[in-house]
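This report concerns only the one structure given below.
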Ligand SMILES: [Cu+2]
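Residue numbers (this note's numbering): 76 to 253.
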């Protein structure tokens, strides 16, 4: 289920650069600005990005993510022989004590596979993030326009440049390395 509240469109139009800034707290973790990019009409995969800060004194780990899609995995990007590919982080993504880990294009991300409909700007995608120490929390990933895709001010956005991972995501890949 993707929520598509009419209000989100209005807010987006008025406050485009700031509308989607939102933050959650779970134990020692701060989970900031969960977002995804609008996808092509034919896309069968999407990616979720978020900034996670561990203010505690114990390392935590993003073990998994759950959402209403056939497959949801935490991926990292690895480069082998100049070829970028995605790998499922079977044992999770470490969030070191006192540090911030950013899931972003070209790096780690929450991989959403088997989309039945494209993500549109203004959509809110509920995704449950499961942490080893802090437990789990459902957060809303706000769908934003890809930089350059629309006429708007992206000066405050430092993500959205095309890269290998985005290209893979847009190409409706059917094979994902395990
Ligand atoms: Cu991926």
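For every residue, glycine included, the Cβ atom is placed at its ideal position computed from N, Cα and C.
| Check | Outcome |
| --- | --- |
| Local Cβ density within 10 Å of residue 146, reported as buried at 16 or more and exposed below that | exposed |
| Residue 108: CB within 7 Å of a non-hydrogen atom of ligand 1 | no |
| Among 184, 121, 122 and 179, nearest to residue 138 - alpha-carbon criterion | 184 |
| Distance between residue 205 and residue 212 (C-alpha atoms, nearest Å) | 7 Å |
| Close beta carbons around residue 188, own chain, < 8 Å, minus the five adjacent residues each side | 119, 120, 144, 145, 146, 147, 148 and 251 |
| Euclidean distance between Cα positions of residue 177 and residue 97 | 15 Å |
| Close Cβ partners of residue 224 (< 6 Å) along its chain, the five nearest in sequence each way excluded | Caution applies to residue 224, whose pLDDT of 44 falls short of 50 and renders its modelled position unreliable; the model cannot decide the point. |
| Environment of residue 171 [buried if 16+ CB atoms lie within 10 Å] | exposed |
| Cutoff 7 Å; reference residue 207; Cβ partners in own chain excluding five residues on either side | 135, 136, 138 and 167 |
| Residue 140: first and last residue of the uninterrupted beta strand (DSSP E) it sits in | 135-141 |
| Residue 164 vs residue 114 beta-carbon contact at 8 Å | no |
| Span separating the alpha-carbon of residue 133 from that of residue 100 | 16 Å |
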